[in-house]
Amino acid sequence: MAEGHYFEDNPSVPSKVRQVPLKLKDLSMELDVDRGVFSGMKIDDGTQVLLVEAAKPGKAKTILDVGCGYGPIACAVARRAPAAKVWAVDVNARARDLCAANAKKHHLDISVHAPEDMPADQQFDLIVSNPPIRIGKKNLHPLLELWLDRLAPGGRAELVVHKHLGSDSLQRWLIEQGWPTTRLISRAGYRILVVKPRPERLKPSNAADDQTE
């Protein structure tokens with residue numbers, strides 16, 4: 015693949031930084047992107063739907079972007095909630111560097127980490143994600159379990175998934191695992207799933223010790 019796999023820890027494809035615009039009704043910014051990261055040519059359609067229809071932090075004080083890429087979701091929620099603590103996590107080192115650089119360029123307070131470097135006891139009022147569906151269920155399900163069990167009481171997660179990539183089956187799986195999950199909206203083939211914390215009795219006792227691969 016010419017652009018490399020966005021879920022590689024260290025992309026082997028040569029770097030070629032360019033810029034893409036992120037334009038929404040309430041904000042506009044230019045973000046640096048690169049080869050070897052997710053949607054390096056433009057803002058992904060699913061991300062655009064999520065940012066238009068959801069990702070409104072409200073009173074959330076701690077926010078996490080899972081699979082942040084170069085940071086369009088993290089940057090948008092940080093701009094919308096300047097008093098909140100925003101975290102961004104990705105396995106891709108190049109993506110993390112871009113996300114941190116974009117946050118710095120736009121004077122946004124975003125703490126960017128590899129999954130294994132995140133504080134194990136940190137909880138989140140809001141998790142926003144265009145999750146990496148293409149890594150397959152075998153890897154995706156443990157990843158979601160890890161982070162969704164970090165939801166604070168009363169918190170929520172907002173996930174955007176295309177119907178042709180399994181949004182409905184993912185919703186069923188989430189419900190089966192104990193996370194109350196509803197569909198906020200369906201637009202242009204994308205579903206936004208809203209996930210609430212599952213009861214403590216359904217959480218595995220070692221949830222805080224698990225790590226994504």
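Counting along the sequence shown from 1, when you hit position 22 you're at 36 in the numbering used here, and nothing is skipped either side.
Note that the Cβ used here is the ideal one computed from N, Cα and C, for glycine as well.
Every value quoted in this text rests on a predicted model; they were computed, and no experiment measured them.
Using a Cβ-Cβ distance cut-off of 8 Å, the stretch 66-85 and the stretch 100-112 are in contact, since at least three pairs of beta carbons, one from each stretch, lie closer than that value. Separation of the CB atoms of L64 and I206 is rounded to 6 Å, and the pair is thereby assigned contact status at 8 Å. A straight-line Cα-Cα distance of about 28 Å links H178 and N24. Annotation: the continuous beta strand (DSSP E) that includes E172 extends over L165 to H176. Membership of P86 in the alpha helix (DSSP H) is indicated by the continuous run P86 to R94. Secondary structure of A107 (DSSP, three-state): helix. The Cβ neighbour count for A202, taken over all protein chains shown within 10 Å, is under 16; the residue is labelled exposed.
Three or more pairs of CB atoms, one per stretch, sit closer than 8 Å, so the stretch 137-149 contacts the stretch 159-176. Secondary structure of S26 (DSSP, three-state): coil. Restricting attention to D48, L36, P28 and I149, the CA atom closest to the CA of I87 is found in L36. Counting of Cβ neighbours within 10 angstroms places R94 among the buried residues, the total reaching 16 or more. In terms of CA proximity to V66, Y204 leads the group G192, L216, R212 and Y204. Of the residues assessed, P167 falls on the exposed side of the cut-off, its CB having fewer than 16 other CB atoms within 10 angstroms. For K37, the enclosing beta strand (DSSP E) stretches over residues R32 to L38.
Apart from the 5 residues on each side of it in sequence, V126 sits with its Cβ closer than 6 Å to the Cβ of A102, R110, C113 and A114 in its chain, given in chain order.
CA-CA distance, Q33 to E44, rounds to 6 Å.
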